[in-house]
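I have placed the structure first, in the form of structure tokens, so that the comments after it can refer back to it.
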Amino acid sequence: MRGQALSMLDIEEGDRVLDVGCGTGFATEGILEHTENVHGLDQSPHQIEKAWAKLGKHDPVSFYLGDAERLPFRDDSFDIVWSSGSIEYWPNPVEALREIRRITKPGGQVLIVGPNYPKTGIMQKVADSIMLFYDAEEADRMFAEAGFEAVEHRLMGPSYDPDIAITSVAEVTD
Ligand SMILES: C[S@@+](CC[C@H](N)C(=O)[O-])C[C@H]1O[C@@H](n2cnc3c(N)ncnc32)[C@H](O)[C@@H]1O
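Residues 3 to 176, numbered by our numbering, are exactly what the sequence shown covers, in order.
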């Protein structure tokens, strides 16, 4: 799934890429195969320590402790911002998406992987009671509210559950 999501981006060698909610650095490691300028941010010191153990503390990835809703970076700082499996935990996803848009350069790309809203009634009840699950329509609403224009969505997942995740890619236009 990581590879499928990465294939939706045009990462060029040298591009500055941020992984928001990087956790232990699983996706961060995949991004490193495309560019050496990789940064990871997470709000959990525990997760960041595990990422340090795997990838080193400062090199090749720069890690930051921080909140997706208040990103500690200047406007237009990154060519690409990636976030996988984290949006469902953000108290205000639109605020975080607005922050992500702010720190992405014009012409840059933003990719967000989150849990796709289930199709069946029982699973919908379970989903509604635990955390954010969303479909393409809801993703369009969140991205539009955060100031994004065109957004492309793709459902993905392992062969036993191919629609479990929704991956959205948006280009920052100005
Ligand atoms: C399920 S893990 C996903 C880790 C990784 N991105 C991956 O693809 O394997 C979710 C991560 O999001 C982080 N997280 C949750 N809310 C956050 C927030 N508001 N700001 C930054 N990180 C957050 C958690 O600490 C956790 O490390």
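Cβ coordinates follow ideal geometry from the N, Cα and C atoms, glycine included.
Item	Value
Buried versus exposed, by CB contacts within 10 Å (16 or more), Thr122	exposed
Sub-8 Å separation of Ile33 and Trp84 beta-carbons	yes
Whether Phe65 touches Gly42 by CB criterion (8 Å)	yes
Coil, strand or helix - Pro62 by DSSP	coil
Cβ-based neighbour list, Asp78, same chain, cut-off 6 Å, excluding 5 preceding and 5 following	Lys107
Anticipated Cβ contact below 8 Å, Thr26 with Lys56, distance rounded	6 Å
Reference Met144, options Ala98, Leu8 and Leu73, closest by Cα	Ala98
Cβ-Cβ distance between Tyr136 and Gly110 below 8 Å	no
Reduced DSSP secondary structure (H/G/I, E/B, other) of Ala7	helix
Gln45 and Leu67 closer than 8 Å at C-beta	yes
Extent of the continuous alpha helix (DSSP H) run through Leu157	Unbroken run through Leu157 is the beta strand (DSSP E), Val153 to Met158; no alpha helix (DSSP H).
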